[in-house]
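The opening residue of the sequence shown carries number 1 in UniProt numbering; numbering runs sequentially from there. Every residue gets a Cβ at the ideal spot worked out from N, C-alpha and C, and that includes glycine.
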Amino acid sequence: MDANNNNTSSRSNDQTSLSNSSSNVDMSENVVKCCGANSKHLMMSDGPSTCANSDYRCVSTQGLQSLNDLRQNNLLCDAVLKLEDGGVFPVHRAILSACSTYFRTLFTTTLNPKNNTEFLVSNVSSKIMNLLLEYAYLRTIDIKQEDVCELLITADYLVIDGVLELCCDFLRRSLTVKNCIGIMIFAREHFCKDLEKEARRYLLRYFVQVAEQSSEILELPIDELTALIAEDELNVTNEETAWELALRWIGREPETRKVHIVELMRNIRLGLMDTYYFLENVKNHHYVAGNEACRPIVIETLKFLYDPEMIKQKDGELEIATPRVPHDILFAIGGWQGVSAVDLIETYDTRADRWVKVEQIDPLGPRGYHGMAVIGYKIYVIGGLNGVEFFNSCRCFNPVRKTWREVAPMNAKRAYVSVALLNDIIYAMGGYDGYFRQNSAERYDYRRNQWSLIAPMHMQRSDASATALNGKIYITGGFNGRECMSSAEVYDPDTNQWTMIAHMRLRRSGVSCIAYHGLVYALGGFNGVSRMCCGEKYNPETNTWTAIPDMYNSRSNFAIEIIDDMIFAIGGFNGFSTTFHVECFSDSTNEWYEATDMNTYRSGLAACVVKVLPNVHDYTHKHRERLMEEKRQKLLDIEALQRAGSAPQQQNHVATSRSTHNSLGHHRQQQR
1 MDANNNNTSS RSNDQTSLSN SSSNVDMSEN VVKCCGANSK HLMMSDGPST
51 CANSDYRCVS TQGLQSLNDL RQNNLLCDAV LKLEDGGVFP VHRAILSACS
101 TYFRTLFTTT LNPKNNTEFL VSNVSSKIMN LLLEYAYLRT IDIKQEDVCE
151 LLITADYLVI DGVLELCCDF LRRSLTVKNC IGIMIFAREH FCKDLEKEAR
201 RYLLRYFVQV AEQSSEILEL PIDELTALIA EDELNVTNEE TAWELALRWI
251 GREPETRKVH IVELMRNIRL GLMDTYYFLE NVKNHHYVAG NEACRPIVIE
301 TLKFLYDPEM IKQKDGELEI ATPRVPHDIL FAIGGWQGVS AVDLIETYDT
351 RADRWVKVEQ IDPLGPRGYH GMAVIGYKIY VIGGLNGVEF FNSCRCFNPV
401 RKTWREVAPM NAKRAYVSVA LLNDIIYAMG GYDGYFRQNS AERYDYRRNQ
451 WSLIAPMHMQ RSDASATALN GKIYITGGFN GRECMSSAEV YDPDTNQWTM
501 IAHMRLRRSG VSCIAYHGLV YALGGFNGVS RMCCGEKYNP ETNTWTAIPD
551 MYNSRSNFAI EIIDDMIFAI GGFNGFSTTF HVECFSDSTN EWYEATDMNT
601 YRSGLAACVV KVLPNVHDYT HKHRERLMEE KRQKLLDIEA LQRAGSAPQQ
651 QNHVATSRST HNSLGHHRQQ QR
């Protein structure tokens, strides 16, 4: 039940299933420790007053304690609660009536004689009653793992909304991949709608991990499982994950469940699978081959995979291959185009492999060669220039509210600045103020809205790049005003000291670096002669740099980010012009894959990823059903080129290299 709903008509009237309901929710010790289950959620302050929650006014701490002392000493009490387990609790009717509709009704009903002072309360244990009385008198409650389910059910039964809300908050903070399904079902059974929605969102986001680690998912009924698999918001990078879970679910009770294979297949987006995987692991699987009802689905999928003419819209949407909705969104903001800065914002929809233009540009105008960091749902844009002015100003964009605001300026103007985020602190290092390349550095605490200087770097650097790894900040390459640099250094915030590390293998100005799977990757840049497509990775344990495969495109001053567990290189300058090309790297295959181009050519841009946006649909591709028609037309164009005997090499970049084995779409189909 929604904790804010005071309508008591739908509340459960009995608690015969208390123990069974409680046992359905599993919370590990780690979760409890993390959520502070062994400490009070609403601790009283040391001052003269406290606020328990938003539903109650601030009251005197001393007054609350005095009332509780009266109860504990059975002074001025005008009622006694008797429980079935023998518990006896003297209470003050007015206090309990103030926080519980149940007790207010019990004490004021005309069915009870006015001189009656003893009341039997059924289906409530003494342990839970103690906790509830503590809340009624002190507005504090000590919620523990072993009590939360019984406490929630009892609070619902006795209509104590404040405790019900706190229990829901506790369970919400306790969500893990192993218990989210149990919490979702428990919340549904007890009408806690907001908690149920939160648990379901958690399940959809971490579906891959839940499928791997949770035994609860194998116990779901078929209608619940198919509803999950059918969700657009199911967070899977490939459909093989959903298929393999379906097989595991059937394998739990194969004789009774294998008849549901058709329902499951209809809700898995088979058209997004790799063709070879579909043939070997779906079409030829004995559950499918032995079920005649699967035959039409197999035929439809094969036609779709093999015949481009079959890729066309059906009633406005082709469900067999409609991309799902991403949970994380990549933002690319600002940059340089031609001879001026631009105020463009584009977002990347990883599931659709499409870029989306965002209308909410900064009203204060464009900037390029800036840095960027994201904290929660807020994107911080640091420094940069607009072609006339070098900035120390910083801006903050809220993609949920779609608003811009000014935050505290840096101590120095910094364009071509290096920015990194560590423990929710933004670090800005080096840069160019229009006169000098800088070695100074500073940090921003968003809680205080304040910048403070930290130790200067050993080297002056603009056009460098920084990233955070293992509690430290690494900065690589750059330009010191005389030469492109190969040096790199690391900052330890605990000691406020910079330390030189091994030089990169090549000089790199306009480099982009990022931490990825325990290593620092430095990509592209300018070596003083030409823009580069090569990259290298740094191992902090061995203090060594190692070459990695080249990018398809030479570039400097480009954006870099990680999304879907891949490094994305976005835009930049190739030595002749700005570019809109995008490519991504997976260390699992040690290969680069070409993604869809941005809508605009840009260098000097910055990118960041905002996770679990509540309004993610505002930043995703709107016409997902049209993607299949685009794919069909592209495949037909490729076939026409192949029939003609040759294809232009560079002129038709999309029709050639993007249709090869190393396209992002093909890589995602290959992932298991």
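Neighbourhood of residue i by C-beta, 6 Å cutoff - its chain only, sequence neighbours within 5 removed
{"i": "Asp463", "result": "Tyr416, Gly478, Phe479, Ser509 and Gly510"}
{"i": "Val612", "result": "His327"}
{"i": "Arg324", "result": "Asp232, Leu234 and Arg351"}
{"i": "Cys180", "result": "Ala199, Tyr202 and Leu203"}
{"i": "Ala547", "result": "Glu536"}
{"i": "Arg437", "result": "Gln460, Ser462, Asn480 and Gly481"}
{"i": "Val396", "result": "For the sequence presented, residue 396 should be read as Cys rather than Val. Answer for Cys396: Lys378, Tyr380, Arg405 and Val407, listed in chain order."}
{"i": "Ser340", "result": "Gly387"}
Sequence-distant residues of the same chain with beta carbon closer than 8 Å to residue i, five excluded per side
{"i": "Val32", "result": "Note that Val32 scores a pLDDT of 33, beneath 50, so its modelled location is shaky; the value from the coordinates is reported in the next line. The residues are Asn38, Lys144, Gln145 and Ser174."}
{"i": "Glu239", "result": "Ile268, Arg269, Leu270, Leu272 and Met273"}
{"i": "Ile128", "result": "Asp147, Glu150, Leu151 and Thr154"}
{"i": "Ser97", "result": "Phe103, Arg104, Phe107 and Thr108"}
Own chain partners of residue i with C-beta closer than 7 Å, once the 5 adjacent residues on each side are dropped
{"i": "Arg558", "result": "Note that residue 558 is Phe in the sequence shown here, rather than Arg. Contacts found: Ser512, Gly524, Ala569, Ile570, Gly571, Gly572 and Ser603."}
{"i": "Cys608", "result": "Phe331, Met372, Ala373, Val374, Ile379 and Glu561"}
{"i": "Thr322", "result": "Arg269, Arg624 and Glu625"}
{"i": "Tyr137", "result": "Leu64, Leu67, Asn68, Arg71 and Ile95"}
{"i": "Thr275", "result": "Leu305"}
{"i": "Val356", "result": "Glu346, Thr347, Asp349, Tyr619, Thr620 and His621"}
{"i": "His581", "result": "Asn553 and Asp597"}
{"i": "Glu583", "result": "Met551, Tyr552, Asn553, Ala569, Trp592, Tyr593, Glu594 and Ala595"}
{"i": "Asn615", "result": "Val400"}
Nearest-angstrom Cα separation, counted from residue j out to residue i
{"i": "Asn4", "j": "Glu253", "result": "A caution first: Asn4 carries a pLDDT of 39, below 50, which makes its placement in the model unreliable, though a value can still be read off. Roughly 40 Å between the two C-alpha positions."}
{"i": "Thr117", "j": "Leu132", "result": "20 Å"}
{"i": "Tyr287", "j": "Arg257", "result": "10 Å"}
{"i": "Glu541", "j": "Asn386", "result": "40 Å"}
{"i": "Ile638", "j": "His621", "result": "24 Å"}
{"i": "Gly368", "j": "Gly384", "result": "5 Å"}
{"i": "Arg443", "j": "Phe390", "result": "19 Å"}
{"i": "Gly518", "j": "Met551", "result": "21 Å"}
{"i": "Cys294", "j": "Asn281", "result": "14 Å"}
{"i": "Leu70", "j": "Ala187", "result": "36 Å"}
{"i": "Gln72", "j": "Asn130", "result": "11 Å"}
{"i": "Val210", "j": "Tyr446", "result": "34 Å"}
{"i": "Tyr157", "j": "Leu225", "result": "30 Å"}
{"i": "Ile297", "j": "Gly290", "result": "13 Å"}
{"i": "Phe576", "j": "Lys472", "result": "36 Å"}
{"i": "Ala100", "j": "Met429", "result": "Note that residue 100 is Ser in the sequence shown, not Ala. For Ser100 and Met429, the distance between alpha carbons rounds to 57 Å."}
{"i": "Phe278", "j": "Asn284", "result": "8 Å"}
{"i": "Gly434", "j": "Arg414", "result": "9 Å"}
Beta-carbon proximity check, residue i vs residue j, cutoff 8 Å
{"i": "Leu506", "j": "Ser486", "result": "yes"}
{"i": "Gln450", "j": "Ala515", "result": "no"}
{"i": "Tyr377", "j": "Pro363", "result": "no"}
{"i": "Asn574", "j": "Ser554", "result": "yes"}
{"i": "Glu300", "j": "Ile320", "result": "yes"}
{"i": "Pro366", "j": "Leu422", "result": "no"}
{"i": "Val124", "j": "Thr105", "result": "no"}
{"i": "Leu171", "j": "Ile185", "result": "no"}
{"i": "Ile425", "j": "Val610", "result": "no"}
{"i": "Asn392", "j": "Ala412", "result": "yes"}
{"i": "Val419", "j": "Tyr427", "result": "yes"}
{"i": "Val520", "j": "Leu469", "result": "yes"}
Bounding residues of the alpha helix (DSSP H) (the contiguous stretch that carries residue i)
{"i": "Ile181", "result": "Cys180 to Glu189"}
{"i": "Met566", "result": "Run containing Met566: none in the alpha helix (DSSP H); it sits in the beta strand (DSSP E), Met566 to Ile570."}
{"i": "Gln497", "result": "Gln497 -> not in any alpha helix (DSSP H); beta strand (DSSP E) instead, spanning Gln497 to Ile501."}
{"i": "Asp169", "result": "Asp161 to Arg173"}
{"i": "Ala428", "result": "Premise fails: Ala428 lies in the beta strand (DSSP E), Ile425 to Met429, not in any alpha helix (DSSP H)."}
{"i": "Thr226", "result": "Ile222 to Ala230"}
Residue range of the unbroken beta strand (DSSP E) whose run includes residue i
{"i": "Gly535", "result": "Gly535 to Asn539"}
{"i": "Val358", "result": "Counting along the chain, Val358 falls outside any beta strand (DSSP E), and DSSP gives it neither H nor E."}
{"i": "Ala373", "result": "Gly371 to Ile375"}
{"i": "Arg441", "result": "In the sequence under discussion, the amino acid at residue 441 is Ala, which differs from the Arg named in the question. Per DSSP, Ala441 belongs to the beta strand (DSSP E) from Ala441 to Asp445."}
{"i": "Tyr380", "result": "Lys378 to Ile382"}
{"i": "Val88", "result": "Val88 to Val91"}
{"i": "Gln438", "result": "Note, Gln438: premise wrong, no beta strand (DSSP E); not H, not E."}
{"i": "Thr301", "result": "No beta strand (DSSP E) contains Thr301, which is instead part of the alpha helix (DSSP H) from Arg295 to Tyr306."}
{"i": "Tyr516", "result": "Ser512 to Tyr516"}
Count Cβ pairs between the stretch 602-610 and the stretch 286-305 that sit closer than 8 Å; are there 3 or more? In short, these stretches do not touch, since the Cβ pair count stays below three.
Would you say the stretch 263-273 touches the stretch 235-246, given that touching needs at least three Cβ pairs under 8 Å?
As far as the Cβ criterion goes, the stretch 263-273 touches the stretch 235-246, which means the pair count is three or higher.
Three or more C-beta pairs below 8 Å linking the stretch 60-79 and the stretch 90-99
Yes, since at least three Cβ pairs between the stretch 60-79 and the stretch 90-99 fall closer than 8 Å, the two stretches touch.
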